[in-house]
Amino acid sequence: MNVLVINSGSSSIKYQLIDMPSETVKATGLIERIGAENAKITYKKDDFKTSKELHIANHEEGLTQMNRFLMHKEFGVIADKDDIKIVGHRVVHGGQSFSKTVEITEIVKSKIQSLCTLAPLHNPPNLKGIEVAENVFSKARQVAVFDTAFLQTMPQKAYQYAIPKSFLEKEDIRAYGFHGTSHKYVSEKAQEFLDYRNQSSSKLISIHLGNGCSMTAIKDGKAIDHSMGFGPANGLIMGIRAGDIDQSVIFYLMDKLGYSAKEVNDILLKESGMLGLTGSNDLRDIQQKAEAGNKDCRLALEMNAYRIKKYIGAYAVALNGLDAIIFTAGIGENSALMRDLVCRDMDVLGLQLDQNNNKMALSEIRDISTKTSKVKILVIPTNEELEIAKQAYKIL
Ligand code: ADP
């Protein structure tokens, strides 16, 4: 069965057509700069890749253009758009309303709409993607998969902030977390790999290191703590976001240095992290410069790894033990150096990295711990699109 996975942003749509349950990716692509004269649509099928620049006025036209590629006589993969039976949508914020994947109804849409205040940059374009897909694929069933859903199992002691409790009760201010689809996918892969499926307990920490970075403590398949919070700003040092910071800095920036709320937001979410520390947010550049002796880059890598180590320590305690840590996403999957920096001097947890394995090219799932390491160290490529397709297919 053809499942189309859509990740709709304000001016872009990422798409993937996946056959389920075989999990075969039939085609992938990206529609970017929607609304501009030089919008671009990219289409990829196996090793074949093509792209076209044209004016795409809106999201609906974007999906119509995508269909032309999907149904193309030479390199298309479907004969008719109605061959797409399910459309799975990535929705960033499900708030407290959604703890699992759901089929989209009018009620679901109005709840996603009401959650726009919590994710003003993401939920509105996600919703737009849903509405447009309902028109374009009117015979398909539409499913919403929420980034926050997997993290809804966190206990109250983990998600509540120590501010007056009316803010939670009346305004829903609490930690929600993000990247849940990725954390779910890699932790289930880890459980399979470690053969914990039939065992009563597993204690895992998943470390998603991409442009955005987050960590989740997962006990028996359920998230019990997570490093991001009310928004995607908290926790680890990221490409352009600061992560954890004493709120006094914010008041100092505003009250003493005269920055506006918007300027502070921009500083912390767009100009900080590895970019603020080194001038680049591409870890490959930073690694190269660090190797060439750049002190700022070396320090930034160490700061980044040190923050991750502290979260590993905290989560090992929250889990009361640790079976495995999982590295995933662009940096987690590809940076042997970052994994090395994180796993150094972790004797307290009995965590030992096999240096040779760590440096080997990535196959599917890899265990890069030594034979005597008490904690497994896994590298697992994430696949959020496949997870969305799996969940959409499963609930229908
Ligand atoms: P996104 O959050 O946008 O999905 P990705 O998961 O693609 O991000 O991760 C992007 C990050 O991964 C960038 O910092 C990039 O430099 C880093 N990265 C990608 N390939 C490598 C590599 N071979 N070595 C080190 N870092 C890499």
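Read in order, the letters of the sequence shown are residues 134 to 529 in the working numbering. We put the CB at the ideal spot given by N, CA and C, even for glycine.
Those residues whose C-beta sits under 7 Å from the nearest heavy atom of ligand 1 are, from N- to C-terminal order along the chain, Gly-343, Asn-344, Gly-345, Gly-372, Asn-414, Asp-415, Leu-416, Arg-417, Gln-420, Ala-462, Gly-463, Ile-464, Asn-467 and Ser-468. In this structure, the straight-line span from the alpha carbon of Gly-465 to that of Pro-253 is close to 28 Å. For Ile-445, the closest C-alpha among the options Lys-147, Gly-142 and Ala-350 is that of Ala-350. Taken atom to atom, the span from the alpha-carbon of Phe-311 to that of Gly-142 is near 16 Å.
Under the Cβ criterion (8 Å, minimum of three pairs), the segment 146–160 counts as touching the segment 518–527.
Here the segment 314–321 lies against the segment 457–464, with 3 or more beta-carbon pairs under 8 Å apart.
Leu-495 sits exposed, since fewer than 16 C-beta atoms from the chains shown fall within 10 Å of its C-beta.
Around Ala-172, the same chain offers Ile-164, Glu-165, Arg-166, Glu-186, Leu-187, His-188, Ile-189 and Gly-195 as residues with beta carbons nearer than 8 Å, after the five sequence neighbours per side are excluded.
Close CB contacts of Val-319 within its chain, under the 7 Å cut and outside five residues either way in sequence, are with Ser-339, Ile-459, Thr-461, Ile-513 and Thr-515 (chain order). Annotated as distal: Ile-383 and Glu-404, with beta-carbon spacing of 8 Å or more.
CA-to-CA, the gap between Asp-456 and Ser-335 works out to about 7 Å. According to DSSP, residue pairing for Gly-221 in a beta bridge involves Val-138 and Val-276. If only uninterrupted alpha helix (DSSP H) runs of at least 4 residues are considered, those enclosed by the segment 430–467 are 462–467. Excluding its 5 nearest sequence neighbours in each direction, Leu-248 has C-beta neighbours in its own chain below 6 Å: His-226, Gly-228 and Asn-256, listed in chain order.
Around the beta-carbon of Pro-365, 16 or more other beta-carbon atoms lie within 10 Å, marking it buried.
The Cβ-Cβ distance between Leu-137 and Ile-217 falls below 8 Å.
Leaving aside the five residues that flank Val-210 on each side, the residues in its chain whose CB is nearer than 7 Å to its CB run, in chain order, Leu-150, Lys-159, Ala-160, Lys-178 and Leu-203. With 16 or more other Cβ atoms inside 10 Å of its own Cβ, Phe-270 counts as buried. Fully enclosed alpha helix (DSSP H) runs of no fewer than 4 residues occupy 192–203 of the segment 148–225, in order along the chain. Nearest C-alpha to Leu-482 among Leu-452, Ala-469, Met-471 and Ile-498: Leu-452. Secondary structure at Ile-373: coil, using DSSP grouped into helix, strand and coil.
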